[in-house]
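Here's the structure, in structure tokens; my notes come after.
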Amino acid sequence: MADPIQRVDVAIVGAGVSGIGMAMHLRTRMPHLSFVVLEARSAIGGTWDLFRYPGVRSDSDLFTYGYASKPWTDDDAIAAGDKILRYLDEAVTEHGLHDAIRFGRRVRAASWSSPDATWNLTVDGPDGPERVEAGWLLATTGYYRYDHGYTPPFAGLDRFGGRVVHPQHWPADLDLEGRSVVVVGSGATAATLVPALADGSASHVTMLQRSPSYFLSLPREDRLNRRARRRLSPMRAYAWTRRKNVAMTAFFYSLCRARPALMRRLLVRGVARQLPAGYDVATHFTPRYDPWDQRVCVLPGGDLFAAISAGRASVVTDTIATFTEYGIRLDSGAELAADVVVPATGLELLALGGMTVSVDGRTVDPATRVVYKSAMLADVPNLVFVFGYVNASWTLKVDLIGEWLCRCLAHMTRHGYDTARPAEPDPAMPTAPMLGLDAGYVRRGSHLVPKQGTGVWRVPTAFRDDERRFRRDPVDDGVLRFSRVRSRTG
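411 is the number that my numbering gives to position 411 of the sequence shown; each next residue is one higher, with no gaps.
Spelled out as structure tokens, the structure:
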């Protein structure tokens, strides 16, 4: 039986790092507004609750991945998933958000009614269909499918006599004692899994990659932060370290884009220094593309290279011809024996959590829209989505959008507005994909995500550019059009 219709000022879809961050801003900056957080799963955390594979961790430092208002006080700068989950739970508790979160609620559809200035949400609840009405809709659902990752159509997979285990759904009872494991892939997930499995009970771990990726080893602990904490309050030390790391990350990215040949040499040399003499770095760790055409993977303490140097892990660069009963036959003719295969082969992009969105009865296809300030869609009112940086910590964008949204809501309250709708851009404006990476998951899903253009329609890659746009540029910029519904104000 459906529950009665719930009416709130703001509906947040998703209780992961983005949804919690947006709720924190609303609770702190706009305490008079009512909001609800609708979470399809049974716990908070999003990615950090879903991914339970060995070694799961951040690939950004937690001083920039953490929220601006909540210091990260752990010694680990690159932290394990369980520590991040505890941090998120603390944030929820400290801001009194538990009562606002509704678990087991999957939003299937969101329909905007202009005469009412209202989003009508169709929700699958634990006891049947539910309805929620909201003035604003915040889609904080991440960017990929939670139910499954991407698995290429491997030939002969049905003949494989071992076990295939997907990182997104890692079995808690999986026993790898004495087993040979092949991890297929060379991205962040593979680079996390291989050293963790090699340090466990598996007899040997092989990273099978079609082509190499760039890797950067960073210390697990930020020593400068440790010094700052001895001299400053926790909040001031955190803020200083956060600014430092934002600047360092931006400088590294800018240098990669401006001097790709130089950075290619430096990154590859850095890898070679951490591997045994004579190791075939040219084959296994020299990508064919420039740094940051695809994401540069971070290795805490060079753990992957340590596992390779110790002989507990190895890298094979080849392509799969077919699976066999006992493993994988490669196009080179070589065979890899495997008891367990882990396809760490990427994600599947999903816009707006897969919910159907319509405005006044007309379905909105996100892929046909241009993004406004990286946070709204052209001609779609009162809908904000959060998509973090691909070249820096995701949460930096969460905080900026949260602050900007509260500025926008305060402006609307002062002037009696109830609708904010980005105008349509000039049809002659050149557009490009929203995501500026050449990664496989981006290429596969580029037809699903919005586009970017120029000016306020551009998606900056630099935090400093966004900081100016979100914190200092006027809310009423002539592109975001505000209006009121007379029946609700009269």
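Beta carbons are placed, not taken as given, at the ideal position from N, Cα and C, and that holds for glycine.
Just so it is clear, the structure is predicted and the values come from calculations on it, not from any experiment.
If you count every other CB in all the chains shown that lies within 10 Å of the CB of residue i, and 16 or more means buried, which is it?
i, result
"Phe-251", "exposed"
"Arg-102", "buried"
"His-497", "Any property of residue 497 remains undetermined from this structure, which presents the chain solely from 1 to 490."
"Gly-490", "Low confidence applies here, because Gly-490 scores a pLDDT of 40, under 50, leaving its location unreliable; read the following figure in that light. It counts as exposed."
"Trp-58", "Here the sequence assigns Ser to residue 58, which means Trp is not the residue at that position. By the neighbour-count rule (16 or more Cβ atoms within 10 Å), Ser-58 is buried."
"Arg-220", "exposed"
"Gly-55", "buried"
"Arg-488", "Confidence is the limiting factor: at Arg-488 the pLDDT is only 46, short of 50, which leaves the residue's position unreliable and the question unanswerable from this model."
"Glu-130", "buried"
"Leu-262", "exposed"
"His-502", "Look at the range of the chain in this structure, 1 to 490, and you will see that residue 502 is not part of it."
"Gly-353", "buried"
"Pro-115", "exposed"
"Ser-186", "buried"
"Pro-515", "With the chain represented from 1 up to 490, any question about residue 515 goes unanswered, as that position is not in the structure."
"Ala-392", "buried"
"Met-235", "exposed"
"Gly-14", "buried"
"Pro-343", "buried"
"Asp-222", "buried"
"Arg-231", "exposed"
Closer than 8 angstroms by C-beta to residue i: which residues in its own chain qualify, once you throw out the five before and the five after it? Chain order, please.
i, result
"Thr-454", "Met-429, Pro-430"
"Arg-269", "none"
Where residue i and residue j are concerned, what is the direct C-alpha to C-alpha distance, given to the nearest angstrom?
i, j, result
"Gly-16", "Gly-278", "44 angstroms"
"Ile-5", "Gly-149", "34 angstroms"
"Asp-365", "Arg-227", "50 angstroms"
"Pro-433", "Leu-480", "22 angstroms"
"Asp-331", "Val-316", "12 angstroms"
"Val-194", "Gln-168", "15 angstroms"
"Ser-111", "Thr-345", "35 angstroms"
"Leu-138", "Val-386", "8 angstroms"
"Cys-406", "Arg-329", "56 angstroms"
"Arg-257", "Trp-292", "7 angstroms"
"Leu-409", "Ala-117", "14 angstroms"
"Arg-163", "Arg-295", "29 angstroms"
"Ile-12", "Val-36", "6 angstroms"
"Thr-140", "Ser-18", "5 angstroms"
"Glu-424", "Gly-388", "23 angstroms"
"His-98", "Tyr-53", "27 angstroms"
"Pro-260", "Val-485", "53 angstroms"
"Thr-93", "Gly-128", "28 angstroms"
"Ile-492", "Gly-142", "A query on residue 492 cannot be resolved here, the shown segment of the chain reaching from 1 to 490 and no further."
"Ala-306", "Thr-192", "13 angstroms"
Pick helix, strand or coil for residue i, following the three-state DSSP scheme.
i, result
"Gly-327", "strand"
"Gly-238", "The sequence as given places Tyr at residue 238; Gly does not occur at that position. Here Tyr-238 sits in helix by DSSP."
"Lys-451", "strand"
"Ile-494", "Here the chain comprises residues numbered 1 to 490, so residue 494 is not present and cannot be evaluated."
"Ala-44", "Per the sequence shown, residue 44 should be read as Ile rather than Ala. Ile-44 falls in the coil class under three-state DSSP."
"Tyr-279", "coil"
"Ile-84", "helix"
"Leu-350", "coil"
"His-169", "helix"
"Asp-76", "strand"
"Met-429", "coil"
"Arg-7", "strand"
"Pro-343", "strand"
"Val-246", "helix"
"Pro-54", "coil"
"Phe-305", "helix"
"Arg-229", "helix"
Starting from the C-beta of residue i, find all residues in its chain whose C-beta is less than 7 angstroms away, skip the five residues before and the five after it, and write them out in chain order.
i, result
"Ile-308", "Leu-275, Ser-314, Val-315"
"Thr-322", "Ala-155, Gly-156, Arg-329"
"Ala-79", "Arg-57, Ser-58, Leu-62"
"Leu-505", "Limits of the chain in this structure are 1 at one end and 490 at the other, which puts residue 505 out of reach."
Who are the Cβ neighbours of residue i in its own chain at under 6 angstroms, not counting the five residues just before and after it?
i, result
"Tyr-238", "Pro-71"
"Thr-356", "Ala-109"
"Arg-421", "Pro-381, Arg-481"
"Ser-374", "Val-459"
"Tyr-65", "Ser-58, Ser-393, Thr-395"
For the segment 144-162 against the segment 18-35, are there 3 or more C-beta pairs whose distance is under 8 angstroms? no
Pairing CB atoms from the segment 327-344 with CB atoms from the segment 243-257, are three or more of them under 8 angstroms? They do not touch, by the three-pair rule.
State whether the segment 166-185 contacts the segment 266-285, with contact taken as three or more CB pairs (one from each stretch) at a distance under 8 angstroms. Cβ pair count under 8 angstroms is below three, so no.
Counting pairs of Cβ atoms below 8 angstroms between the segment 355-370 and the segment 198-218, do you hit three or more? Look at the beta carbons and you see the segment 355-370 not touching the segment 198-218: under three pairs across the two are nearer than 8 angstroms.
Determine contact between the segment 95-114 and the segment 469-477, defined as no fewer than three beta-carbon pairs at a distance below 8 angstroms. no
If you pair each beta-carbon of the segment 400-413 with each one of the segment 19-29, do three or more pairs fall below 8 angstroms? The segment 400-413, when compared against the segment 19-29, does touch it at the 8 angstroms Cβ threshold.
I'd like to know if the segment 193-210 and the segment 317-328 are in contact, where contact means that at least 3 CB-CB pairs between them fall below 8 angstroms. yes
Contact between the segment 294-306 and the segment 112-132 is defined here as three or more beta-carbon pairs at a separation below 8 angstroms; is this criterion met? no
Just checking, does the segment 42-52 make contact with the segment 80-97 on the three C-beta pairs under 8 angstroms criterion? yes
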